[in-house]
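Down below is the structure, laid out as C-alpha cells.
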Amino acid sequence: VTQQRNMSMPIAFYICLTLILFIFSGTDGYSYHRLAQCRYSSKDLHGMEHIDSYVFNKAEYVRFNSTVGRFVGYTEYGLKNAEAWNSDAGILGQEQGELERFCKHNAANHYSAILDKTVEPHVRLSSVTPPSGRHPAMLMCSAYDFYPKQIRVTWLRDGREVKSDVTSTEELANGDWYYQIHSHLEYTPKSGEKISCMVEHISLTEPMMYHWDPSLPEAERNKIAIGASGLVLGTILALAGLIYYKKKSSGVL
C-alpha cells in the first residue's frame, strides 16, 4: 500500500534557485515536486517505510528513506543536498518522525474508515430470455451495492457446481464506491431439479444460497391475471358488438 502527498521544500533558497533558472533560461518551463510515500504490506503496519523524494523535471535527485535513516543523492546537485541535510540532526529527526506522524497515523485512519468497511450485496435471481438457441431457458443472478470489490458467484444444480454454459461480467463499479456483478446460466429445465446461485463475499459470515423457484412471482401472476381479464372483457364486448350489428342489419331491433 502506498500513500502519497506533496510537501514544500525545507529551505527557501532552492525555490529561488528554480525561479532564477526559469527566468534566465530559454526553456518553456520547469517542474518541481516533492513526493512522500508510505510503503507497507501488512495490516499491523510492521515494516512500514517512509520515503521522501525530491523531483526536478521528472528526475528524482535526492531521497530520504526511513529504513536507511539518511538522505541519498542521485545527481551532483542531489549529492550536495544529501550531504548538507545528513549533517543536520533537526532535518533528519523531522524526516524520521514522519513515519509515525504521517504514515502510521493516516494508514490507521484509512483502515478504519475505508479498508475495513464491508457492505453486503443485494442479490436478485431472475429468469431472462436466452440469447441463443442452445438452451430454452436462462437465469441471471445479480449482486448489487456491495463493497469491497472481490466477490464470487457460483451456480449449483442439485448441489453440484455448474461451470459450463455460465457467463459472468466483471465486477462493475457503480461510481459511488459500490459494485455490482451479473452471472448467467443457460440451461434446459428438468423436472424436480434444484438450481441455486451461491454468493461469497467478505461481508458475509457464510456463503449465501439463493434457490430458483420456477413458479411465477406474485407480480408476474398479477400481470397475467390482468391481461387475461382484459382479453376476456375485450372478447365479450366484441361479441356484443357483433350481435348488435347483425340484429340492426336484419331490422330486428
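Going by UniProt numbering, the sequence shown runs without a break in its numbering and finishes at 253. Ideal placement from N, C-alpha and C gives every residue a C-beta, glycine not left out.
Cβ separation of Tyr54 and Arg70, assumed to be a contact under 8 Å, to the nearest whole Å: Actually they do not touch by this definition, with Cβ atoms about 14 Å apart.
Taking the DSSP output, what are the residues bridged to His105? Answer by DSSP bridge pairing: none, since His105 is not bridged.
Distance between beta carbons of His50 and Glu98, contact taken as under 8 Å: 5 Å
At the level of alpha carbons, what is the spacing between Ser42 and His110? 13 Å
Using only the alpha-carbon positions, how far apart do Leu156 and Gly192 sit? 14 Å
When you compare only the Cα positions, how much space is there between Gly159 and Glu120? 23 Å
Counting only runs that start and end within the stretch 194 to 218, where is the beta strand (DSSP E) found for 3 or more residues in a row? 195 to 200 and 208 to 211
Between Thr75 and the rest of its own chain, which residues show a CB-CB distance below 6 Å, the 5 nearest in sequence each way excluded? Closer than 6 Å at the Cβ level, and outside the excluded window around Thr75, lie Tyr61.
Can you tell me the Cα-Cα spacing of Ala108 and Glu186, whole angstroms? When the Cα atoms are used, Ala108 and Glu186 turn out to be separated by approximately 46 Å.
Sub-7 Å separation of Tyr178 and Tyr210 beta-carbons: no
Between Met198 and Thr154, is the Cβ-Cβ spacing less than 7 Å? yes
From Ala238 to Asp165, what does the alpha carbon distance come to, in whole angstroms? Answer to the nearest angstrom: the Cα atoms are 47 Å apart.
Between Gln96 and the rest of its own chain, which residues show a CB-CB distance below 7 Å, the 5 nearest in sequence each way excluded? Ser66 and Gly69
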